[in-house]
Amino acid sequence: MPIPEDVTGEEIDKDVRQELQSLPKTLAEDVAKNLVMVARLIDEDPESAYAYSKVALRLASRVAAVREAAGFAAYANQKYGEALAEFRAARRMTGNVDLWPVMADCERGLGRPEKALDMAGAPEVHKLDKAGQVEMRLVAAGARRDMGQLDAAIVTLQSPELASNSVQPWTARLRYAYADALLAAGRESEAREWFAKAVEADRDGSTDASDRLAELDGVEFVDALDESESEPGDATRDDVDGEND
């Protein structure tokens, strides 16, 4: 896979760079560059990110950061079985529990929501930081919805983090998930309120809460491109035919 000239490998996190020090210098540089490409492309071009992750994996499969990156690249491509295997490998290498929520979400992706719920109740959850615990709550609520348990999903999302007026990195997604669950349960007025709250917290546009809110309010967006295709004063064939009737 080609590496752009502007990628040096120095862009990666210092902890990852430290992990790569166990490799010969040239090999470490090659792996680092591929990891940079994974991070750069995973949102806009997940297939290419996946391809770069496979290169890094081939070069350094015994490095936990490489296994983790490969897991996220597979996850982004909905290859949940492969992602889960990579996350498990990374966890075995580090003993870290940070990947627990995304591992549980892989179980959902594999059609095993019950397993995801089991993981949500495991001791590992108590070792997660606040962001990880919120993520685990989101996964558990999703698993409840997978099982058709809408009311249970709503209750799962009700938490001090949801009630807090403080805006944290997870706030928009948590409020959005709650609004979406309320809407699925037919509680439209409450859903509208929480979509509005999600919009307030979504400073970087990580959700489509504003679109969902507009949809509930009956707002229709007209594509400016469509409007520009017909100049003012241009009559359509139907208009002309109508005038000649």
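In this note's numbering, the protein residues as written are 9 to 253. Ideal Cβ positions, reconstructed from N, Cα and C, are used throughout, including at glycine.
- Between the region 123 to 143 and the region 81 to 91 there are fewer than three C-beta pairs closer than 8 Å, too few to call the two in contact.
- Rounded to the nearest whole angstrom, the CA to CA distance from residue 45 to residue 60 is 7 Å.
- Within the region 44 to 70, the runs of alpha helix (DSSP H) that reach at least 4 residues and sit entirely inside it are, in chain order, 54 to 67.
- The closest CA to that of residue 176, considering only 205, 57, 155, 152, is found on 205.
- Along the length of the region 136 to 221, whole alpha helix (DSSP H) runs at least 4 residues long occupy 138 to 154, 158 to 165, 168 to 171, 179 to 192, 196 to 209, reported in chain order.
- Residue 40 and residue 17 have their C-alpha atoms spaced approximately 5 Å apart.
- When rounded, the separation of the alpha-carbon atoms in residue 198 and residue 80 is 34 Å.
- Here residue 24 really is in contact with residue 73; their C-beta atoms are around 4 Å apart, less than 8 Å.
- Distance from the CA atom of residue 84 to the CA atom of residue 172, rounded to whole angstroms, is 30 Å.
- Distance check between residue 141 and each of 167, 151, 200, 28 places 167 closest, using alpha-carbon atoms only.
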